[in-house]
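Residue numbers (the numbering used here): 794 to 1336. Backbone N, C-alpha and C define an ideal beta-carbon position, used for all residues, glycine too. Here is the structure we will look at, set down as structure tokens.
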């Protein structure tokens, strides 16, 4: 049987693949585009599901759900598709519990947890170091970052162990790592962490629900409709579900893409699936060894996301925001929860079991896991948490053609030696997916940016007249890898000054306590302050 012939074949019908197809179609409507997806749905790591609620049924996201006002690529897409956003509810008391099951459960209303003055000072100095280093990172070419080899030789855990003074802060940073990456700090390169944060405008935007942060806004009706709307615009006839790609062969004239049931010929291929899945495809001729090694060594996070619906948002009535932050030592299975009340008013909470807690609890029976979650909610929010309507969860490690969530990370040594092959085309094969983004890497906005970038690369080959001069120059730069260009949101410049202000305020609160109770910490404070104003950004990591 003669293979079907196409101009471009896209592997993966998530946001990145469909964004690529959408841009290709907008620039040249004559291009024959085929999208192959292994799942029985579009959306990739976004999926919106109807579950029972107070007013019957309602829709909630069980994958990616948040966007922020600095995420320009996803916001432009939302506007183009005629969709709407609404803010994440964060008004009221937040709950914070670290330090072990018997430790005091604290509440707070600010964006910073209710920490002791000593721990708050420790957090301030660590964030200051993070932000100074983020400002030096070249997100597009991270191996060009000053001291890249040293930064990439250590894990996030080893850096925190060396630079955090208190056990409480070390636990806090582990909690942050699980909630952002679905991984422990020991599993990723410190340079990768800095690059990831720099692509978001700093460390704090990754963690907060304040304006400009990652958890600022949600999409009315759910995030999967982004992919569904894009599939409609590209044409559902050009999207083939249940068609996992098993092999890609290429020669001087064509690329041959094979699924379990069909074979297709095309002039260009865009692979958008996560790196650990792209590594399972057979390539002929074999990909460059650097590309192979990179994708085979980028582990993906582990997250179990749950939604619990209630008759009323009792936490709001009691003055809580719904946000709970719990360390692994607390005995609580989840690391964080938020209010998830729908735009139509159906009350719900959303939470995440992540990292080592996900590995531990995923092997337990579902009913036991649910009871542990509810028991913790009762502890933190009151007995009303036990009277729920529906509990639904999704373990992304068990999702076919995902195998984990939310993002693939890099272990030490990968960025400085293998990162250039992450985006570099291999013959007729181009690479996309949120892991390849330079703005909001790991997020939906990064997926859109990466898909559009790969589409521009393909257009430069197939129909260069459709590109602007700026786009042609960008493609040329990406292929030649000239001087490194820092391309991070402008908001990153605001954090060092903000953190310095926090230092002054915290010192005023902490001085007496430090002098009276913690001479060792005081010595570290003195050393730190001496270095703050005398050390350059190039060697700040040595403090």
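query	result
Same chain, Cβ closer than 7 Å to residue 1083, neighbours up to 5 away in sequence not counted	1211, 1214
Where the beta strand (DSSP E) containing residue 962 begins and where it ends	From DSSP, residue 962 is part of no beta strand (DSSP E) but of the alpha helix (DSSP H) over 960-974.
Rounded separation between residue 958 and residue 824 - CA only	58 Å
Start-to-end residues for the beta strand (DSSP E) that takes in residue 1059	1056-1064
Whole-angstrom distance between residue 1098 and residue 1113, CA atom to CA atom	21 Å
For residue 955, the nearest candidate out of 928, 969, 985, 918 (CA to CA)	918
Beta-ladder partner(s) of residue 879, from DSSP	1011
Cβ distance (whole Å) where residue 972 is taken to contact residue 1128 below 8 Å	5 Å
Limits of the beta strand (DSSP E) - the one that residue 826 falls within	826-829
Segments of 3+ residues assigned as beta strand (DSSP E) that fall wholly inside the segment 1181-1221	1183-1188
Contact check, residue 874 vs residue 1022, beta carbons under 8 Å	yes
Residue 1074 - DSSP class collapsed to helix/strand/coil	coil
Anticipated Cβ contact below 8 Å, residue 1178 with residue 890, distance rounded	So it is not a contact: roughly 15 Å between Cβ atoms.
Beta-carbon proximity list for residue 1150, same chain, < 8 Å, skipping 5 on both sides	971, 1121, 1126, 1127, 1128
Residue 1058 versus 1069, 1068, 1043, residue with shortest Cα-Cα distance	1043
Reduced DSSP category for residue 1224 - H, G, I as helix; E, B as strand; rest coil	strand
Residue 1206 versus residue 980 - alpha carbon distance	12 Å
The segment 860-874 / the segment 1089-1098 touching (three or more Cβ pairs under 8 Å)	no
Reference residue 948; option with closest CA among 1254, 1269, 815, 1208	1208
Cβ neighbours of residue 843 in the same chain (closer than 6 Å, five flanking residues each side left out)	850, 852
For residue 1007 and residue 879, the rounded distance between their alpha carbons	14 Å
Residue 807 - DSSP class collapsed to helix/strand/coil	coil
Length-filtered (4 minimum) alpha helix (DSSP H) runs lying within the segment 1124-1169	1149-1155
Residue 1029 versus residue 976: straight-line alpha-carbon distance, rounded	36 Å
Delimiting residues of the alpha helix (DSSP H) encompassing residue 1377	The question about residue 1377 has no answer here: the residues shown for the chain are numbered 794 through 1336.
Inter-stretch contact (C-beta, 8 Å, three-pair minimum) for the segment 1056-1071 and the segment 1153-1162	no
Residues near residue 838 by beta carbon distance below 7 Å, same chain, minus five either side	807, 856, 857, 1195, 1198, 1199
Touching by the beta-carbon criterion (3+ pairs, under 8 Å), the segment 1137-1145 and the segment 925-943	no
Cβ shell of residue 800 (< 8 Å), same chain only, five flanking positions each side left out	824, 825, 826, 1059, 1060, 1061, 1255
Those residues which DSSP pairs with residue 1048 across a bridge	1043, 1059
Enclosing beta strand (DSSP E) for residue 1113 [first to last residue]	1113-1119
Contact set for residue 1186: own chain, Cβ-Cβ below 7 Å, skip 5 residues either direction	1097, 1098, 1099
Environment of residue 1230 [buried if 16+ CB atoms lie within 10 Å]	buried
Nearest candidate by alpha-carbon position, reference residue 965, set 1000, 1261, 1204	1000
Status (buried if at least 16 other CB within 10 Å, exposed otherwise) for residue 1176	exposed
Identified DSSP bridge partners for residue 775	Nothing about residue 775 can be reported from this structure: the residues present for the chain run from 794 to 1336 only.
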